[in-house]
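Heads up, the sequence shown is in full-length UniProt numbering, so the first residue is 1 and it goes up one at a time. Here a beta-carbon is modelled for each residue, glycine too, at the ideal position from N, C-alpha and C. The structure appears below as C-alpha cells.
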Amino acid sequence: MSQSQTEQGATPVVRAIDLHKSFGPVHVLRGVSLEVRAGEVLCVMGPSGSGKSTFLRCINQLERVDGGELWVRDELVGHKLRDGKLYELREREIARQRRGIGMVFQRFNLFPHMTAVGNVVEGPLRALGRNRSDAYAAARRLLDRVGLSDKYDAYPGQLSGGQQQRVAIARALAMEPYLMLFDEPTSALDPELVGEVLDVMKALAGDGMTMIVVTHEVGFAREVGDTLVFMDEGIVVESGPPRDVVGAPQHPRTKEFLSRVL
Ligand code: ADP
Ligand code: MG
Numbered sequence: 001m002s003q004s005q006t007e008q009g010a011t012p013v014v015r016a017i018d019l020h021k022s023f024g025p026v027h028v029l030r031g032v033s034l035e036v037r038a039g040e041v042l043c044v045m046g047p048s049g050s051g052k053s054t055f056l057r058c059i060n061q062l063e064r065v066d067g068g069e070l071w072v073r074d075e076l077v078g079h080k081l082r083d084g085k086l087y088e089l090r091e092r093e094i095a096r097q098r099r100g101i102g103m104v105f106q107r108f109n110l111f112p113h114m115t116a117v118g119n120v121v122e123g124p125l126r127a128l129g130r131n132r133s134d135a136y137a138a139a140r141r142l143l144d145r146v147g148l149s150d151k152y153d154a155y156p157g158q159l160s161g162g163q164q165q166r167v168a169i170a171r172a173l174a175m176e177p178y179l180m181l182f183d184e185p186t187s188a189l190d191p192e193l194v195g196e197v198l199d200v201m202k203a204l205a206g207d208g209m210t211m212i213v214v215t216h217e218v219g220f221a222r223e224v225g226d227t228l229v230f231m232d233e234g235i236v237v238e239s240g241p242p243r244d245v246v247g248a249p250q251h252p253r254t255k256e257f258l259s260r261v262l
C-alpha cells in the first residue's frame, strides 16, 4: 500500500484476495475476492452452505484462512509482514486484531444469568479495562440506542428474540468496533420481530458504521446496502449495487435464488 493511499483514506476496511478455506476435503471458500470501504454496508446473500458464515468467521479469526490474502485495514489477518517475510501472529496480537470487529450471530448467545446491562458491560470491563461507572453509563447509552431504555435489568429469558438480538448488538458495540459483522441476524426471529432489529442496523449504518451483513432480507439490502454480493459454492458469482443485482440479476444462480426469496 502506498503512502498516498493511506493519506487519502482509501485503504479498504476489508480486502479479501482469492481467499481459500477447506475443512478437511471440503473446499468451502474457493477464491473469494472483495473489498469493503469505510462506512460501506456490504450485504451477502447465497444458498445455505455457500461459505457465507465461513467468510465472516475468517475475518473475525474464528477460522484460519488457508490461502489468499485477507487484509483488515492495513494489517494482514493473523499475520504480519516484516522485511518481506510473513510471520504468524501470537495469541495476544490476534486478540488485538479481533477487538475492533464486532460480530452478531443468528443466535443471540447472551449470558443467561446476566441482565441486559450486565451482558453489555462484560466486554468493556474485562477486555478493555474500563472502570465500572463508565462502563455502566456507556452500556445504558447503548441500550437506549437500540431502543431498550426500559430493559436494562431484564434477563435474556424475559426478553423477546428481537429484544435479545438488540442487546447482542449493543454488546458488540460496547467494544467500540470499527467493523460490524452480522451473520443472518434476523433468521431465527419470528417475522413480526425482524423489523425492529433491521431498524437498529439501519440506524447504525446511517451513523457511518462499516458493516458486512449476511442476510436474505432483500428489502434491507436494497435500502441500506451499498453493495450486494451473491455467493455460491465458495465464490462471489455476482456483485454490484443492490438495486441492480436484485432488479436485474445476471447469473443464473442469482436469478434462481432471488426468485425463491422474493
Ligand atoms: P453458509 O453460511 O453459506 O450456509 P457455511 O460457511 O456455514 O455456509 O458452510 C459452508 C460449508 O462448510 C458447509 O458445507 C459446511 O458444512 C462446511 N463447514 C462449515 N464449518 C465447518 C467446520 N467447522 N467443519 C467442517 N465443515 C464445516
Ligand atoms: Mg451461515
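| Item | Value |
| --- | --- |
| Runs of beta strand (DSSP E) wholly within the stretch 40-86 (minimum 3 residues, chain order) | 41-45, 67-72, 79-82 |
| Those residues, in chain order, that have a beta-carbon closer than 5 Å to some heavy atom of ligand 1 | 23, 28, 48, 49, 50, 51, 52, 53, 54 |
| Exposure of residue 10, with buried meaning 16 or more beta-carbon neighbours within 10 Å | exposed |
| Cα-Cα separation between residue 194 and residue 96, rounded to whole angstroms | 32 Å |
| Beta-carbon separation (whole angstroms), residue 254 vs residue 230, contact threshold 8 Å | 5 Å |
| Between the CA atoms of residue 160 and residue 7 - distance to the nearest angstrom | Low confidence applies to residue 7: its pLDDT is 47, below 50, so where it sits in the model is not reliable enough to give any reading. |
| Three-way DSSP call (helix, strand, coil) for residue 223 in this model | helix |
| Per DSSP, cross-strand counterpart(s) of residue 179 | 101, 210 |
| Nearest-angstrom Cα separation, counted from residue 258 out to residue 47 | 10 Å |
| Contacting residues, own chain, Cβ-Cβ under 7 Å from residue 149 (five flanking each side not counted) | 143 |
| Distance, residue 165 Cα to residue 116 Cα | 11 Å |
| CB contact flag (residue 171, residue 109, <7 Å) | no |
| For residue 255, the three-state DSSP class (helix, strand or coil) | helix |
| Cβ-based burial, residue 90 [other Cβ within 10 Å; buried from 16] | exposed |
| Selection from 168, 240, 225, 222 that minimises the alpha carbon distance to residue 111 | 168 |
| Simplified DSSP state of residue 205, which is helix, strand or coil | helix |
| Coarse secondary structure for residue 260, derived from DSSP in three states | helix |
| Whether residue 58 touches residue 215 by CB criterion (7 Å) | no |
| Residues of its chain near residue 182, where Cβ-Cβ distance is below 6 Å and the 5 sequence neighbours each way are ignored | 104, 213 |
| Assigned exposure category for residue 101 - 16 Cβ within 10 Å defines buried | buried |
| Short Cβ contact (7 Å threshold) for residue 16 with residue 32 | yes |
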